[in-house]
Structures are given as C-alpha cells and as structure tokens.
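First comes the structure, then the notes that go with it.
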Amino acid sequence: MVRRLCSLRLDWEIAPYLLLAAIALGMRLWDLGSGAISHDESLHAFYSWRLYQGEGYEHMPMMHGPFQFFGTALSFSLFGDSDFTARLLPALFGTALVVLPYFLRQQLGRWGSLTVAILLAFSPTLLYFSRYARNDIYIAFWTLLLVIFMWRYFEQRKARYLYFSAAALSLSFCTKEVSYITVFIFVTFLLIVSARELLARVRRRFDLHNLSAPAECLILLGTLSLPLFAAAIELIPGVDISPGVLWPKVLTVVLLFVISAAIGLRWNVRRWLLSALIFYGIFTLLYTTFFTHIFGFGSGMWNAMDYWIAQQDVARGGQPWYYYFLLLSWYEFLPL
C-alpha cells in the first residue's frame with residue numbers, strides 16, 4: 068500500500084485548475100453573508116429553513132425545483148442557519164464549475180479548456196450567481212456536467228456515462244425549469260447529427276440496436292424527458308385543461324411514458340431501464356420529499372411546466388430585445 072502511494076505522481080496538468088478553484092472559492096466566499104437578502108433569496112432561504120426545522124417541503128413551481136431547498140437545508144444542518152450558509156451551496160457549485168473544463172481537454176485542447184476555466188472563474192455574471200441563493204449556478208453546473216458525460220460516452224461507449232447522464236439530467240429537472248430549454252437544445256443538436264441514421268433504422272422495422280453514440284444519447288435524453296413535457300399539450304390551439312380536472316393530465320403523462328418506454332426498450336432494455344430507474348428515482352425522491360408528500364410527483368411532472376407556460380403571458384421582468392447585448396458588453400467584456 069505504501070509503495071503504491073509513493074508511486075503516485077502529481078498530475079501537474081490539473082494544478083492550474085486547482086489554483087483557479089482556490090481563487091474562485093475565495094472570491095465567492097469573501098464577505099458572502101453581508102449583502103442584503105433579495106426577494107427570491109428570502110423565499111428560498113425561508114422554505115429551506117422550514118425543511119431544516121422539520122416542517123417538511125411541498126413543491127411550488129413558482130420557486131422552481133426542490134434541489135436547492137434540500138441543499139440549503141443541508142447547509143443549515145451542517146453549519147447553522149445564517150445569510151452566509153444560505154448562500155454557501157451556490158458558492159461551492161460555482162467553484163466546482165470552474166474545474167469542470169478540465170474534463171473537456173480532449174475536445175477543447177489543453178489551452179482551450181484552461182481558458183474556459185479562467186473565464187468561468189472570473190466571469191462577473193457567474194461570480195454574482197455563485198454568491199446568490201438561487202438555482203442558476205446549479206443549472207450551469209448540471210448542464211456542463213451533462214455535456215461532459217455525453218462526450219465521454221461518445222468516445223468510450225461505456226454504459227456508466229449514460230447512467231451518469233441520466234442522474235445529471237434528473238438533478239437538472241429537480242433544479243429549474245430551464246431544463247426544458249436545455250433538453251430541447253441538446254435533442255435538436257443530436258437529432259441533426261443522427262437524423263439520417265435514425266430514418267434508415269426506422270425504415271428497417273424500427274431497428275434501434277447498435278446505433279451510433281449520438282443517436283443513443285438522443286434516445287436517452289428524449290425518452291427520459293418526454294413525459295415531463297406533458298403540459299405542453301396545452302400549447303395546442305383549442306386544448307384547455309381545467310386545473311381541477313385530473314384525468315387528462317394523468318392520461319397524457321402515462322401515454323408519453325408508454326411511448327418513451329417503447330422506444331427505450333426497443334433500443335436497449337438493460338441500459339434504458341437502469342437509466343430510467345436512476346432518472347425517476349432521483350426525481351421521485353426529491354419531488355415527493357422522500358415519500359412524505361406523494362402528490363409532489365404529479366406536481367413535478369405537470370405543474371412545473373404548466374405554471375411557467377402560463378407565466379409567458381405575464382412576461383415578468385420583460386426587457387427589450389437588445390437587453391442581453393447590453394448586459395454582456397458591460398459585464399462579460401473579457402470573453403467577448
């Protein structure tokens with residue numbers, strides 16, 4: 068054992084990332100609890116505090132997914148309840164985000180991945196959200212982690228990266244509804260890459276065995292996510308499901324799940340079942356508050372999208388079309 072330890076050598080390639088992570092952590096923790104708690108932060112901290120006090124948690128789409136509440140409640144349990152600990156988990160996730168480009172060196176190159184890590188560490192926007200008790204930085208972390216796992220699968224075709232992808236995707240949906248947009252972007256890209264291959268397979272008696280890695284990732288992301296898009300049926304002209312009517316919602320979710328399962332099992336029984344078990348296992352545990360609020364599962368499956376579809380007409384915080392051009396030119400001048 069001692070000989071093995073002595074034979075280990077430091078991977079100097081990771082040293083710059085660890086240095087950047089240390090600097091990023093210092094920037095994110097410095098005077099973290101002194102700023103005034105904003106409206107969103109107050110809601111997230113209060114309901115996390117209630118969970119920490121043993122009063123439970125029920126999913127409310129207005130405050131997004133359950134992950135941040137469990138994470139902040141854990142922070143309160145370990146370090147006490149304060150403004151600092153309410154923002155501690157975002158600071159840690161923002162720091163971990165800086166290290167993730169290390170795992171994309173083959174795709175971005177050594178200098179390219181290091182440059183990305185530097186930009187992530189010193190980005191004013193990411194620094195702000197790493198010091199803010201909201202779920203934006205978590206989503207950034209889960210999204211980049213999902214990209215890493217998919218690229219690993221592209222290169223190595225090892226099943227574990229599909230399972231890791233399923234876990235990252237589930238945690239993303241347990242964090243914030245922007246995951247619907249993330250999935251749409253990823254699925255669109257994968258569909259463009261593998262469309263010709265899939266069309267040929269469909270013509271051959273729907274044979275989905277031995278597909279390319281992008282096609283398999285498309286099936287994985289698409290089938291796992293499809294039932295969560297059930298509420299999008301209300302976007303169809305003429306479809307209006309009353310809030311108190313349950314059966315159309317259940318029927319839509321079940322139908323989409325059956326379609327997903329049929330495609331997934333046609334592709335690979337073992338890999339799809341394990342991926343679905345991981346995805347829905349995490350989703351169910353968090354949305355039901357570890358089975359203490361069973362109706363939370365339905366809320367996550369339907370209400371999460373339904374609520375934010377309705378909010379599009381409200382247009383909360385609407386800005387002119389050029390808003391992000393101004394924002395990026397003021398704050399993100401380094402990458403630009």
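If you read the sequence shown in this note's numbering, its first letter stands for residue 68, the second for the next number, and so on.
All residues carry an ideal CB built from backbone N, CA and C; glycine is no exception.
No experiment lies behind these values; they were computed from the predicted model shown.
In the structure shown, Trp388 adopts coil according to DSSP, grouped into three states.
Annotation for Glu283: the continuous alpha helix (DSSP H) segment containing it runs 280-292.
CA-CA distance, Thr319 to Ala297, rounds to 6 angstroms. Check the Cα spacing between Leu394 and each of Arg177, Leu87, Gly147, Leu193: the tightest is with Leu193.
Minimum Cα-Cα distance from Leu352 among the listed residues Arg154, Gly121, Glu125, Arg95 corresponds to Glu125. Within the same chain, Ser327, Ile330, Gly331 come within 6 angstroms of Thr290 by CB-CB distance, once the 5 residues on both sides are set aside.
Of the residues assessed, Gly348 falls on the exposed side of the cut-off, its CB having fewer than 16 other CB atoms within 10 angstroms. DSSP places Lys316 within a helical segment (H, G or I) once states are collapsed to three. Distance from the CA of Ser197 to the CA of Phe137, rounded to the nearest whole angstrom, comes to 17 angstroms.
Assignment of Met127 by DSSP, reduced to helix, strand and coil, places it in the coil class.
In this structure, the CA atom of Val260 is about 34 angstroms from the CA atom of Asp380. Shown here for Ile308: same chain residues with a beta carbon closer than 8 angstroms to its own, the five before and five after excluded, namely Ile300, Glu301, Pro315, Lys316 in chain order. Asn335 sits buried, since 16 or more C-beta atoms from the chains shown fall within 10 Å of its C-beta. Counted as a single uninterrupted DSSP element, the alpha helix (DSSP H) harbouring Trp178 occupies residues 177-189.
In this structure the stretch 137-149 does not lie against the stretch 244-257, because fewer than three pairs of beta carbons, one per stretch, are closer than 8 angstroms.
By alpha-carbon distance to Gly123, the top candidate from His360, Cys284, Glu399 is His360.
In this structure His111 is buried. Its beta-carbon is surrounded by 16 or more other beta-carbon atoms within 10 angstroms. Taking a C-beta distance under 8 angstroms as the contact criterion, Asp107 and Arg201 qualify as a contact pair. Burial state of Lys225 is exposed, judged by a 10 Å Cβ sphere holding fewer than 16 other Cβ atoms.
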